[in-house]
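Residue numbers (our numbering), protein chains in the order written: chain L, 4 to 301; chain P, 11 to 137.
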């Protein structure tokens with residue numbers, strides 16, 4: 004076998020050895036070594052007979068086998084282990100739910116710090132031979148992320164159903180300020196129609212200047228068919244990223260180019276993916292959800 | 011109340027369990043040899059991945075259908091890390107019972123002329 008093939012084989016075995024961590028500890032104690040030996044022998048045979056490209060379908064089969072049997076072995080736990088796991092997950096969910104609703108930003112910050120620590124600690128634990136600890140840390144992180152995503156999706160979905168649409172002139176308020184569209188002007192921009200929205204953002208704090216958290220907040224319109232109309236490329240992509248002097252109001256305007264056949268139009272805003280705010284509970288959602296608070300423009 | 015462990019209580023066996031028992035019927039084998047034997051027996055239709063194979067073996071050991079073997083058939087020729095498995099008496103009985111069950115099913119299907127060979131043979135007889 005060529006040195007490059009040996010290297011590939013070594014890497015595949017490392018990847019498979021990490022994949023094996025998702026199996027229950029008791030199962031791994033009994034079969035991990037043998038599964039690795041079997042994987043290595045199989046991969047070597049595939050490489051000898053079918054070449055490097057043969058490894059691709061082989062790895063797909065192995066991945067499918069891993070996914071299916073991990074779930075099977077996990078659900079095959081004893082009822083006592085399952086009850087304990089359910090109780091722990093229930094407790095984590097309750098505490099997390101409470102904290103997420105009360106102080107979502109802090110929870111997200113702590114979660115990001117914990118994720119960073121996990122990413123650094125995992126290889127360290129593994130390399131220093133503390134495999135059991137590493138597996139426990141990985142499992143705990145996985146459970147935490149799953150619960151975080153589930154709760155955040157739930158909050159998003161629950162919030163989207165409750166909030167009614169707003170009309171022109173009606174204010175929508177956040178902690179740092181209130182936003183409203185005051186006036187709309189339409190003009191022909193053949194073959195489309197341009198909509199100029201005059202809006203204001205007023206401070207709720209009479210003593211201190213506040214910064215409205217508009218960085219990364221995308222303002223866009225959409226119609227009854229779900230078509231999205233974004234701001235043109237040549238304008239400020241973060242129009243709501245403004246500092247509000249105490250007790251004062253900032254007034255600006257934005258223009259959208261809209262398809263001429265749009266009958267109903269709404270204005271809304273959403274944080275762009277992978278911004279800090281987009282990961283907050285109430286913003287992050289695993290399933291497509293209705294648009295956030297909407298202002299009916301037409 | 012738990013039912014007494016008889017081969018008939020274990021039927022029908024899953025295809026994976028049946029073929030693993032079949033592979034072990036001729037002698038002790040390690041995991042990879044079982045996997046290859048099963049693939050050969052089924053003309054590649056049943057490919058057991060490491061997760062499926064060892065998951066099945068775990069359940070089969072706890073059901074006393076197979077057991078781990080302490081001896082290596084030929085230690086000089088084999089990797090000492092490999093664990094060998096052998097079929098138990100209960101496993102052999104379950105294999106025979108499942109084989110008979112499948113044979114009865116095939117006979118019933120043949121009687122209803124579901125197989126092409128029977129259909130052709132029947133057509134020839136008629137002509």
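Even glycine gets a Cβ: it sits at the ideal position worked out from N, Cα and C.
Query, Result
"Span of the beta strand (DSSP E), counted from its first residue to its last, around residue 190 (chain L)", "180 to 192"
"For residue 255 (chain L): DSSP bridge partner residues", "L:202"
"Buried or exposed by the 16-neighbour rule on C-beta atoms within 10 Å, applied to residue 29 (chain P)", "buried"
"7 Å CB neighbourhood of residue 195 (chain L) in its chain, flanking five on each side removed", "260, 261, 262 and 263"
"Residues of its chain near residue 64 (chain P), where Cβ-Cβ distance is below 8 Å and the 5 sequence neighbours each way are ignored", "41"
"For residue 198 (chain L) and residue 300 (chain L), believed in contact at Cβ under 8 Å, the rounded distance", "7 Å"
"Any alpha helix (DSSP H) of 4 or more consecutive residues that is wholly inside the region 43 to 108 of chain P", "60 to 72"
"Pick from L:226, L:276, L:122 and L:235 that is closest to residue 219 (chain L), judged by C-alpha positions", "L:276"
"Cα-Cα separation between residue 134 (chain L) and residue 148 (chain L), rounded to whole angstroms", "21 Å"
"Straight-line gap, residue 57 (chain P) to residue 46 (chain P) (C-alpha atoms, nearest Å)", "8 Å"
"CB contact flag (residue 20 (chain P), residue 73 (chain P), <9 Å)", "yes"
"Through-space distance from residue 213 (chain L) to residue 254 (chain L), alpha-carbon basis", "15 Å"
"Contact with chain L by residue 60 (chain P), beta-carbon distance below 9 Å", "yes"
"Three-state secondary structure (DSSP) of residue 42 (chain L)", "helix"
"Straight-line gap, residue 142 (chain L) to residue 20 (chain L) (C-alpha atoms, nearest Å)", "15 Å"
"Secondary structure, beta strand (DSSP E): runs of 3+ residues fully inside the region 204 to 279 of chain L", "220 to 226, 231 to 233, 252 to 261 and 268 to 274"
"Closest residue to residue 52 (chain L) among L:8, L:268, L:120 and L:215 (Cα-Cα distance)", "L:8"
"Cutoff 7 Å; reference residue 79 (chain P); Cβ partners in own chain excluding five residues on either side", "38, 94, 95 and 96"
"DSSP-derived helix/strand/coil call for residue 299 (chain L)", "strand"
"Contact with chain L by residue 41 (chain P), beta-carbon distance below 9 Å", "yes"
"Beta-carbon spacing of residue 200 (chain L), residue 266 (chain L) below 9 Å", "no"
"DSSP state of residue 131 (chain L) mapped onto helix, strand, coil", "coil"
"Beta-bridge pairing of residue 39 (chain P) - partner residues as DSSP gives them", "P:95"
"Test: residue 20 (chain P) CB closer than 9 Å to a CB of chain L", "no"
"Straight-line gap, residue 68 (chain L) to residue 62 (chain P) (C-alpha atoms, nearest Å)", "7 Å"
"Supposed close pair residue 178 (chain L), residue 217 (chain L) - CB separation, criterion 8 Å", "With 8 Å as the limit, residue 178 (chain L) and residue 217 (chain L) do not qualify as a contact, their Cβ atoms being about 13 Å apart."
"Beta-carbon spacing of residue 22 (chain P), residue 103 (chain P) below 9 Å", "no"
"Chain L contact for residue 68 (chain P) (CB, 9 Å cutoff)", "yes"
"Beta-carbon proximity check, residue 184 (chain L) vs residue 247 (chain L), cutoff 9 Å", "no"
"Supposed contact pair residue 60 (chain P) and residue 38 (chain L) - C-beta distance, whole angstroms, cut 8 Å", "4 Å"
"Beta-carbon spacing of residue 118 (chain L), residue 144 (chain L) below 9 Å", "yes"
"Contacts of residue 72 (chain L) in chain P (Cβ-Cβ under 7 Å)", "61, 62 and 65"
"Per-residue contacts from residue 93 (chain P) into chain L (C-beta, under 8 Å)", "37"
"Beta-bridge partners of residue 169 (chain L), as assigned by DSSP", "L:298"
"Exposed unless 16 or more other CB atoms sit within 10 angstroms - verdict on residue 191 (chain L)", "exposed"
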